[in-house]
Amino acid sequence: MSVQVWTWILVGISFALYFGIAIWARASSTKDFYVAGGGVSPLANGMATAADWMSAASFISMAGIISFSGYDGSVYLMGWTGGYVLLALLLAPYLRKFGKFTVPDFIGDRYYSNSARTIAVICALIVSFTYVAGQMRGVGIVFSQFLQVEITNGVLIGMAVVLTFAFLGGMKGITYTQVAQYCVLIFAFMVPAIFISIQMTGNPLPQIGMGGRVEDGTFLLEKLDSLHTQLGFKEYTSGSKSTWDIFAITLALMAGTSGLPHVIVRFFTVPRVKDARKSAGYALLLIAILYTTAPAVAVFARTNLINTVNETAYSNIPDWFKNWENTGLISWTDKNNDGKIQYRNSEAVEGKPIFTEERGAAGNRLVSNATSSENELYVDRDIMVLANPEIARLPNWVIALVAAGGLAAALSTAAGLLLVISTSVSHDLIKKQLKPDISDKGELIAARISILVAVIVAGIFGIYPPGFVAAVVALAFGLAAASFFPAIVLGIFDKRMNKQGAITGMIAGMSLMLFYMVRFKTGLVGIMEPLPASEWWFGTSPEGFGVIAMLVNFVLAITISRLSPAPPEDVQEIVENIRIPNGAGKAQEH
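Per my numbering: the sequence shown = residues 9 to 598.
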């Protein structure tokens, strides 16, 4: 059977499973809708958390980033996995004990202020919409490539699927759907990795195969280093980032992971505080399966890509190349008219990228703006995981399985983010501020209307992505680190932290991070261009600047809290009690 038929079969089976779970797990109360009734087992919650966390960015993009940046890509592995250790030890148990549905709910009650709650809602919406736009676009790309439908139609199908299980079941439906999605995405990621590891090194464990020997007896990484240097690239196993920038990006990703609202809310779905800690442990182990395999997938894909396309006559190029060329994610320009593809280091020509992206009615396409470079090939890093099984000539069902896994990863995270958006509006704005006397049924209706609006907005971002979205998705972690992380940590561990300090810190951290992103990553259309890397403050990249914005937040929050009145005694008592182990104390419960 063809790849397209296999893809329809596997995607159809997985979608039928998601719909079935959504119908089975219909939410009948706001507690079901917001926190799945608070009765999810630690293992199921760990699987759901892992799926919620491992978005299209983890499944599709992370191995691609590592594949192109080599050693420098390790920051994503350290930051994103380290963030879960931080979350498990520092935040999850205490937030669960506080007993609130959402992060803005925690901040609003801990800082005894609706102003703090509103600012937290705004921060949650900025982070969540930034993140979800990329997920919906990823869904459209997968549908477009593997099922031969327009990207717009692919996004619409994704919207319909997410809306069904989020609208019907809320957090309850999403939780059990995410358990199924974790199984789909991890199977889809591991099967081709194992196949290719056996094919290239004879070892079925990709993590070990990456360090194994290939047919000619040389180590795989040694061979890749050699290929890189021959083509003018830096050695794959050495990096170009400064030690400070690696540290800053890693810490920003760690703190950002700990502050992402759609991840934190998962720890309110378990019955007890100790279950929150267990959930974080299970999630870390389940995430590690993919994260320890990603570097191996990156090495396999990079080696196969170079060996397959470089110095190959275009007339003899495999079908997979031409299929991806139609999406605009691979582009070839025959500059020397020899009919062969030359792949070389293409970092810059006179300070400008060799390929630029143009947006037209047919979607994105890559256009050469250089006339004097040896490089003739552009490869978008996001295709490395999706195209890897095709490059390695694996069976069609394996190629289709990767498409199903990519959809599962994107849809699971999109659902979690959309729920955060809807609960921020229905619970934290309507219930807590605008209409406190709203009935449980009325709040549930408001939550469902909110999720419908959120899905539509996310879909519009996916169909018509603004120019900044692609640049900003990876920076959602910096935004979360700069805004939420200090407010949550100080709210748990500093009794003296008051609303004045928290509000000032959140506004300052978020504003500084947004300014830096605009100034160095996106510019302002028609007003100013983004500044080059040579102008970075303290040598810190936009991806790592969340750490500096976070430190500014901490310093301002602590300073202002010490210069203004202390919080009320009852708030200080709650803070004292949520840090007492073994479930003692008088933490608030719903």
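Every residue gets a Cβ at the ideal spot worked out from N, C-alpha and C, and that includes glycine.
Beta-carbon contacts of residue i that lie in its chain and below 7 Å, excluding the five residues immediately before and after
{"i": "L415", "result": "V19, V147 and V150"}
{"i": "P212", "result": "I202, S205 and I206"}
{"i": "L298", "result": "M62, S66, I194 and F197"}
{"i": "G424", "result": "D60, I182 and H270"}
{"i": "M86", "result": "T258"}
{"i": "M230", "result": "For clarity, residue 230 is Glu in the given sequence; the question names Met instead. Excluding positions up to five away in sequence, the list is empty."}
{"i": "Q156", "result": "Q12"}
{"i": "T237", "result": "E243"}
{"i": "I254", "result": "V83"}
Residues bridged to residue i [DSSP beta-bridge criterion]
{"i": "F227", "result": "R221"}
{"i": "V387", "result": "I338"}
{"i": "T320", "result": "I349"}
Close beta carbons around residue i, own chain, < 6 Å, minus the five adjacent residues each side
{"i": "A418", "result": "A64, Q143, G146 and V147"}
{"i": "A408", "result": "V11, W14, T15 and L18"}
{"i": "A484", "result": "V135, T138 and Y139"}
{"i": "L235", "result": "I314"}
{"i": "G78", "result": "Y244"}
{"i": "M167", "result": "V463 and G467"}
{"i": "G450", "result": "none"}
{"i": "G90", "result": "M262"}
{"i": "M2", "result": "The question about residue 2 has no answer, for the chain in this structure spans 9 to 598."}
{"i": "P214", "result": "A201, S205, T301 and A304"}
{"i": "K443", "result": "none"}
Residue j beta carbon less than 9 Å from that of residue i
{"i": "L293", "j": "Y84", "result": "no"}
{"i": "A196", "j": "M392", "result": "no"}
{"i": "D445", "j": "V129", "result": "no"}
{"i": "I586", "j": "L99", "result": "no"}
{"i": "W252", "j": "T548", "result": "yes"}
{"i": "S420", "j": "A59", "result": "yes"}
{"i": "A256", "j": "F553", "result": "yes"}
{"i": "L103", "j": "I272", "result": "yes"}
{"i": "G219", "j": "L228", "result": "yes"}
{"i": "L239", "j": "I429", "result": "no"}
{"i": "S432", "j": "A510", "result": "no"}
{"i": "T311", "j": "K348", "result": "no"}
{"i": "Y7", "j": "A291", "result": "There is no way to answer for residue 7, as the model of the chain reaches only from 9 to 598."}
{"i": "V170", "j": "A455", "result": "no"}
{"i": "V465", "j": "V199", "result": "no"}
{"i": "S287", "j": "P573", "result": "no"}
Closest Cα partner of residue i within the set the options
{"i": "A284", "options": "F106, K343, D578 and K449", "result": "F106"}
{"i": "L564", "options": "G28, V222, L498 and A466", "result": "L498"}
{"i": "L164", "options": "K440, S572, G513 and G467", "result": "G467"}
{"i": "G54", "options": "T512, G28 and A96", "result": "A96"}
{"i": "T110", "options": "H270, S49 and L51", "result": "H270"}
{"i": "G81", "options": "S66, L239 and Y92", "result": "S66"}
{"i": "P575", "options": "T185, S458, Y120 and T172", "result": "Y120"}
{"i": "P494", "options": "G264, A291 and G220", "result": "G264"}
{"i": "K266", "options": "I457, A489, A516 and E551", "result": "At residue 266 the sequence reads Ser, which differs from the Lys that was named. The candidate whose alpha carbon is nearest that of S266 is A489."}
{"i": "F23", "options": "S432, E158, T172 and V281", "result": "T172"}
{"i": "S152", "options": "L394, L559, F469 and M558", "result": "L394"}
{"i": "T300", "options": "L337, K282 and G217", "result": "G217"}
{"i": "A56", "options": "A455, V192 and G28", "result": "V192"}
{"i": "T335", "options": "A422, D390 and S248", "result": "D390"}
{"i": "K439", "options": "R125, P200, I295 and E382", "result": "R125"}
{"i": "G486", "options": "G210, L460, L559 and V410", "result": "L559"}
{"i": "F241", "options": "R352, A411, S572 and L402", "result": "R352"}
{"i": "I399", "options": "A309, I457 and S434", "result": "A309"}
{"i": "Q441", "options": "F76, P112 and A30", "result": "P112"}
Cβ neighbour criterion (16 or more within 10 Å) applied to residue i
{"i": "N506", "result": "buried"}
{"i": "G116", "result": "buried"}
{"i": "M518", "result": "buried"}
{"i": "E223", "result": "exposed"}
{"i": "W545", "result": "exposed"}
{"i": "E469", "result": "The question names Glu, but residue 469 is Phe in the sequence shown. Buried, by the Cβ-count rule."}
{"i": "D578", "result": "exposed"}
{"i": "F523", "result": "exposed"}
The ligand ATP heavy atom lying under 8 Å from the CB of residue i
{"i": "I429", "result": "This structure lacks the ligand ATP, and indeed carries no ligand of any kind."}
Close-in-space but distant-in-sequence residues of the same chain around residue i (CB under 8 Å, 5 per side omitted)
{"i": "L94", "result": "M262, A263, T265 and S266"}
{"i": "T160", "result": "G148 and I471"}
{"i": "R158", "result": "Here residue 158 turns out to be Glu, not Arg, going by the sequence shown. If we look at E158 and ignore the five residues flanking it on each side, its Cβ neighbours are S152."}
{"i": "Y322", "result": "W340, D342, G347, K348 and I349"}
{"i": "W328", "result": "A395, E398 and I399"}
{"i": "I325", "result": "V317 and I349"}
{"i": "A162", "result": "It should be pointed out that residue 162 corresponds to Gly in this sequence rather than to Ala. These residues qualify, in order along the chain: V147, G148, I149, V150, F151, S152 and L155."}
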